[in-house]
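Novice: Those protein sequences? They're chains A and B, same order as listed.
FYI, this note's numbering numbers position 138 of the first sequence as 138, with every residue one higher than the one before it.
FYI, this note's numbering numbers position 142 of the second sequence as 142, with every residue one higher than the one before it.
Cβ coordinates follow ideal geometry from the N, Cα and C atoms, glycine included.
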Amino acid sequence: MSDERRRDERAGDPAVDAAWRAASRSEPPAHVDDVILAAARAEARAAAQVRKAPARKAWWTGWQPLAAAAGVFGLAFALVQMLPREEAARVPVVESARAPTETAKSGDSAPAATSTAVSAPAPVAAPAPAAAEQSVPVRQEAARDMSAENVVQPSTMAGAAPPAPAEAAAQESPDAWARRIAELHDAGDVAAAATELRAFREAYPDADGRLPESLRGWAASLPAADPP
Amino acid sequence: MRPADRGSEEQTDEALMLAYARGDASAFERLYARHKGPTYRYFLRHTSERAIADELQQDMWLKAVRARERYAPDARFTTWLYTLARHRLVDHWRAQHGTRFVSLDDDSVEHADAMRAAGDTGDDSSDPLGQVIDGQAGRRLLQALDDVPAAQRDAFLLHVEAGLSLGEIAGLADVPAETIKSRLRYAYRRLRAALEDLQ
C-alpha cells in the first residue's frame, strides 16, 4: 500500500495538489445534510425495530417443532387408544349385562338364571314388545350391542328378542321364581324385583298369589304392566 | 480531545459502516462528516452546478443508507462509496444526454466539451464555484479542470478528493493501472500549465 502511495505521489504534483486543496473547500448545504442524516436515522430505527421483533418471537418459535411433535404424538396416541376400545367394548357389555343379575341373585338359582340370560336366547317366534320390556334392561342393551361373534347363536339374535318368560318359567318353578323375587326385594333391589314380578305375572296370571304374604301389599302397588 | 472521543474518531470507515448496518445511527453521522465534503466536491467539479451536485449528493448518500446491509468490508469503504458516486454521475449524464451515453472513461477533448456544455453555465463570472474559491490560482485550476477530459478529471478527483490509490481508481474504472497513471499525468500537466504563468 505504501509503495502504491509513493507511486501515486510521483504521478501527482505537490504544487497542484496544494493549490487545489486551498481552492476546493465547497461543502454540501445544510438542508442536504439534514435530509441525508434524517433518512439515515430513520433507517437505523427501523432496522433496530426489525431486529427486536424476531428476538421477541424467538422464545416460542424455538418450541414450535417440539409442540408440533407433541401434538402429533398425542393425536396418534388418542386414535390408537380409541380403535381397540371399540372392539373391547362389546365383550364387557355382555359381562356387564350379566353382572347386575349375578349381584342381585343369591343361592342356587343364580347360576341357572345367568345361563338362561346369556346362553339361551329367546326363540324367534316369541318376540314381542311386551316381552322385550319384561327382560332386564341391561340385557336389552347388551343384546343391541352384541355382534354375531359374541353370542352363542347369532341367528337367534337376529330377532333381538330377550328370553321369553314362558321359557324362563319352564326352567324355573313358580315357587322358586316367587322366592327369587322375594329375595331381590329383601335385598333392597326393588327395581329388579319389580321387573321379575312383571315377568312372573306374564308367565303366571296368579303370580301375586304365589308371592309370600309379606310381598303382596308391595305387589299390589305395582301396575300390571309397564306403561308404554 | 478526550481519549474516548479520540478512540471513536479513530474507528475505520469500514467499522463505522458495519456499526451503522447494525443500527448505530451515530456511526453514520461520523462517517458522513468524514466524507460529505469530498463526495460533494467530486459531484460539483464534474457537473459545475451546485443544484445538480446537491441532488447527486443526496441521491448517492441515500443509496448508501439503503445499501448498508449489503455492504461487505472486502474493499475500502471509500472505494465502495465512490463506486456509488460514479454510477450516480453516469446515470445523471445518461439522463441529460438521452440515448447518447457519455462514458467517464472517454479521454477525448470533444467529450470534455460535451460534458461542459451539459453542466456548465458558460459564463465564468456567474459560476458559483468561482465565488467560493479563494484566490486566482484556485480559479484558474477550476477553469483548467473544466478543459480536462472527463476520464482524466475523474481520475484526478478520485485521487485528490477521495484519496484513492492508482490501483483503487483502476479497479473502480475497470481499466489497467497504467491507464489511470497516464490519465493522471495528463491531468496534472494541464493543471500545472494553468498555474505556470502565475509563478
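Using 9 Å as the threshold, is the C-beta distance between Thr-78 of chain B and Ala-162 of chain B below it?
Specialist: Against a cut-off of 9 Å, the Cβ pair of Ala-162 of chain B and Thr-78 of chain B comes out as a contact.
Novice: Under three-state DSSP, which class holds Glu-27 of chain A?
Specialist: Of the three classes helix, strand and coil, the one that applies to Glu-27 of chain A here is coil, per DSSP.
Novice: For the alpha helix (DSSP H) containing Ser-182 of chain B, name the first residue and the last one.
Specialist: Note, Ser-182 of chain B: alpha helix (DSSP H), 177 to 196.
Novice: Can the beta-carbon of Arg-30 of chain B be found closer than 9 Å to that of Lys-63 of chain B?
Specialist: Not closer than 9 Å, so no.
Novice: What does a CB cutoff of less than 7 Å around Thr-184 of chain A pick up in its chain, not counting 5 residues either side in sequence?
Specialist: Per the sequence shown, the amino acid found at residue 184 of chain A is Leu instead of Thr. Contacts found: Ala-104, Ala-192, Ala-193, Glu-196.
Novice: When Cβ atoms are compared, which residues of the segment 19 to 36 of chain A fall closer than 9 Å to chain B?
Specialist: Of all residues in the segment 19 to 36 of chain A, Ala-19, Trp-20, Arg-21, Ala-22, Ala-23, Ser-24, Arg-25, Ser-26, Glu-27, Pro-28, Pro-29, His-31, Val-32, Asp-33, Val-35, Ile-36 have a Cβ within less than 9 Å of some Cβ in chain B.
Novice: Is it right to say Trp-60 of chain A is buried, meaning 16 or more other beta carbons lie within 10 angstroms of its own, or is it exposed?
Specialist: Trp-60 of chain A should be labelled exposed.
Novice: Report the option in B:Leu-158, B:Ala-173, B:Gln-152, B:Arg-68 whose CA atom is closest to the CA atom of Ala-191 of chain B.
Specialist: The identity of residue 191 of chain B in the sequence shown is Leu, whereas the question assumes Ala. Minimum Cα distance to Leu-191 of chain B is reached at B:Gln-152.
Novice: Tell me where the alpha helix (DSSP H) around Tyr-42 of chain B begins and ends.
Specialist: Run containing Tyr-42 of chain B: 25 to 47, per the alpha helix (DSSP H) assignment.
Novice: Any Cβ of chain A within less than 9 Å of the Cβ of Tyr-20 of chain B?
Specialist: Tyr-20 of chain B counts as touching chain A.
Novice: Pick out whichever of A:Gly-217, A:Ala-220, A:Ala-187, A:Asp-175 has its Cα sitting closest to the Cα of Ala-247 of chain A.
Specialist: Chain A is shown only over 1 to 228; residue 247 of chain A falls outside these bounds and no answer can be derived.
Novice: With a cut-off of 8 Å on the beta carbons, I'd call Ala-178 of chain A and Pro-212 of chain A a contact; round off their distance for me.
Specialist: That pair is a contact at about 7 Å.
Novice: Which residues in chain A sit within 7 Å of Gln-57 of chain B, going by Cβ to Cβ distance?
Specialist: By Cβ distance, chain A contributes Pro-28, Val-32.
Novice: Using a cut-off of 8 Å between C-beta atoms, extract the partners of Val-16 of chain A located in chain B.
Specialist: Here the neighbours are Leu-141, Tyr-188, Leu-191, Arg-192, Leu-195.
Novice: Between Leu-84 of chain B and chain A, is there a C-beta pair that is closer than 9 Å?
Specialist: Not closer than 9 Å to any Cβ of chain A, the Cβ of Leu-84 of chain B fails to qualify, so no.
Novice: With 16 as the cutoff for other CB atoms within 10 Å, does Arg-21 of chain A come out buried or exposed?
Specialist: Counting Cβ neighbours within 10 Å, Arg-21 of chain A comes out exposed, since fewer than 16 surround it.
Novice: List the residues of chain A whose Cβ lies closer than 8 Å to the Cβ of Asp-24 of chain B, in chain order.
Specialist: The contacting residues are Ala-44.
Novice: Return yes when the Cβ of Arg-41 of chain B is within less than 9 Å of the Cβ of Ser-24 of chain A, no when it is not.
Specialist: Yes; because the gap between Cβ atoms is below 9 Å, this pair is in contact.
Novice: For a quick check, are the C-beta atoms of Ala-25 of chain B and Ala-69 of chain A less than 9 Å apart?
Specialist: The answer is no: Cβ separation not under 9 Å.
Novice: For Tyr-32 of chain B, which residues in chain A fall below 8 Å Cβ to Cβ?
Specialist: Those within 8 Å of Tyr-32 of chain B in chain A are Asp-33, Ile-36, Leu-37, Ala-40.
Novice: Under 9 Å, Cβ to Cβ, is there at least one residue of chain A near Gly-138 of chain B?
Specialist: Closer than 9 Å: yes.
Novice: Using a C-beta cutoff of 9 Å, does Gly-62 of chain A count as contacting chain B?
Specialist: Gly-62 of chain A does not count as touching chain B.
Novice: Tell me whether the beta-carbon of Ala-47 of chain A lies closer than 9 Å to the beta-carbon of Gly-23 of chain B.
Specialist: Their beta carbons are under 9 Å apart, which means Ala-47 of chain A touches Gly-23 of chain B by this criterion.
Novice: Can you list, in chain order, the residues of its chain with a C-beta nearer than 8 Å to that of Tyr-82 of chain B? Leave out the 5 residues immediately preceding and following it.
Specialist: Hits under 8 Å: Thr-39, Tyr-42, Leu-158, Ala-162, Leu-164, Leu-172.
Novice: Using 8 Å for Cβ pairs, my map puts Tyr-71 of chain B next to Ala-21 of chain B. What's the rounded Cβ distance?
Specialist: Tyr-71 of chain B to Ala-21 of chain B, Cβ: 6 Å. Contact.
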